[in-house]
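Down below is the structure, laid out as structure tokens.
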Amino acid sequence: MLKEDAFFKNYFNNSKKYNSNFKKTKKIFNSLLIDFRNNKVPLLESCEKNYNFSFSKKTVKKFSKYQNIIVIGMGGSILGTKSIYSFLKKKVKKKVFFFDNLDLDLQIRYREIKNLKNSCFIIAGKSGRTIETIINLGTIFSKKLFKNKLIIIAQPTDNALIDIAQKYNAEIIEHKEYISGRYSVLSETGMFPAALMGLNLKKFKNLKKFIKNKNFVSTLIKNVASIHTLNSKKINNSIILNYNYHFNDLGYWYQQLVAESLGKKGKGINPILSFGPKDHHSLLQLYLDGPKDKFFTFFNTSQKQDKFKVFQDIIPHDMRFLKNKSLSFVVNAQSSALKKIFKLKKIPFREITFKKGNEEELGKIFIFFILETILLARLMNINPFDQPAVEQVKNETKKILK
């Protein structure tokens with residue numbers, strides 16, 4: 010999965026700063042383990058197999074009969090589910106549709122969904138008061154269509170979504186108060202939709218196994234120490250270079266996790282999603298020859314080559330090297346070429362190669378990024394679980410709308 014020796018191997022050259030941060034990270038990791046064992050980081054419970062879900066197998070069975078799953082939410086309440094569906098789409102026999110923005114074409118896209126009668130509707134939002142979620146639900150709501158098909162995932166407090174659920178006798182699934190939305194992918198928010206998709210929930214959850222694995226822990230500590238060292242040198246733009254569209258939503262999930270968790274008190278890491286090889290023809294010049302304020306994460310796959318090959322008769326003589334090459338082979342060549350140039354230019358990068366495309370592999374990267382973010386926050390002396398500046402914008406928006 011994550012290649013340890015591909016991440017900054019030739020970048021730091023026995024840097025004293027890195028060595029110091031490595032020792033600090035190791036100490037903070039051990040402190041986090043103690044806190045986890047003493048139940049002081051309760052959100053990490055959702056990363057374990059024995060996590061107690063607030064929904065039953067009976068509830069899953071009740072809604073599994075529907076062929077379509079329509080999910081409405083914003084940010085962390087939906088990005089995790091989108092990541093799961095995109096990454097594991099080949100294993101899912103149902104169709105899942107997502108509405109996670111205020112889109113003027115919502116009604117058009119919604120009406121294009123075939124067989125709406127054979128659909129269930131999941132509305133997710135921790136606070137139960139997110140304006141965009143309420144508007145999108147209100148735009149498509151039909152009392153007749155939604156009857157016995159509506160699921161609300163929210164905190165069981167006095168809020169709009171719970172009021173709607175009670176008014177229309179919807180299924181209520183509790184969003185745990187101690188789990189922030191962007192950390193909720195392995196809790197009810199991500200796992201209930203995953204259960205309806207027919208996926209194995211326990212295979213996502215292997216936290217205790219990973220923190221006992223020497224390679225996993227070593228890779229995690231080296232990555233965190235490296236990023237913290239880079240950040241101290243004002244190299245704080247984290248570019249995800251994604252070469253497979255199935256991983257796009259995973260990139261967006263990472264983007265929110267890092268931005269909202271670490272962007273505080275004038276500190277932070279700026280996560281940016283970039284797409285290869287398309288962006289080789291627009292952003293690559295900047296990446297290679299612009300400001301040295303970026304580090305990179307490659308998302309690759311080692312899965313078998315595809316069957317699509319270039320029609321040979323159309324290849325010009327001076328490009329015969331393309332003969333019999335599959336699309337995936339060409340894409341991998343472009344990714345490999347860029348990594349080689351990064352090494353020559355001493356541009357820091359790491360490489361994540363997905364091999365299996367299953368629940369355990371996706372769960373592992375979820376847990377890795379969650380732990381990485383929490384450890385970075387502790388090194389930066391900030392709270393990774395709140396978002397105070399965002400709340401200011403929400404409050405101002407309400408004033409304008411009133």
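In my numbering, the protein residues as written are 10 to 411. All C-beta atoms, glycine included, are put in the ideal place defined by N, C-alpha and C.
Going by DSSP, asparagine 77 is part of the beta strand (DSSP E) stretching over 77-81.
For proline 397, no beta strand (DSSP E) segment is defined; the enclosing uninterrupted segment is the alpha helix (DSSP H) at 397-410. Assigned with DSSP and collapsed to three states, alanine 133 falls in strand. Beta-bridge pairing by DSSP links asparagine 309 to Thr362. In chain order, Leu384, Arg387 and Leu388 place their CB closer than 7 Å to the CB of isoleucine 37, counting only its own chain and leaving out the 5 sequence neighbours on each side.
Apart from sequence neighbours up to five positions away, no residue of its chain approaches lysine 156 with a beta-carbon distance below 6 Å. DSSP places proline 280 within a strand segment (E or B) once states are collapsed to three. For the set Phe31, Val80 and Ile376, the Cα lying nearest the Cα of phenylalanine 225 is the one of Ile376. Look at the beta carbons and you see the region 354-362 not touching the region 152-169: under three pairs across the two are nearer than 8 Å. Phenylalanine 21 places its beta carbon less than 9 Å from that of serine 235. When DSSP states are grouped into helix, strand and coil, lysine 176 belongs to the helix group.
In its chain, beyond the 5 residues on either side, Leu250, Tyr252, Gly285, Pro286, Phe307 and Asn309 have a beta carbon closer than 8 Å to the beta carbon of serine 344. At the C-beta level, isoleucine 132 and leucine 146 come within 9 Å of one another. Closest by C-alpha distance to asparagine 390, out of Ser311, Gly275, Asn341 and Gln294, is Gly275.
Per DSSP, the continuous alpha helix (DSSP H) segment holding phenylalanine 31 begins and ends at 25-46.
For leucine 205, the secondary structure class from DSSP, reduced to helix, strand or coil, is helix. With a 10 Å radius around the Cβ and a threshold of 16 neighbouring Cβ atoms, phenylalanine 201 comes out buried. The criterion of a C-beta distance shorter than 9 Å is not satisfied by isoleucine 79 and serine 136. The region 68-131 is shown to contain whole alpha helix (DSSP H) runs of 4 or more residues at 85-96 and 115-120, in chain order.
Its Cα nearest to that of arginine 46, the residue Leu216 stands out among Val267, Ser283 and Leu216.
Rounded to the nearest whole angstrom, the C-alpha separation of methionine 206 and threonine 198 is 13 Å. Residue nearest to asparagine 404 within the set Arg138, Leu271 and Lys102 is Arg138 (criterion: CA-CA distance). For isoleucine 379, the enclosing alpha helix (DSSP H) covers residues 368-389.
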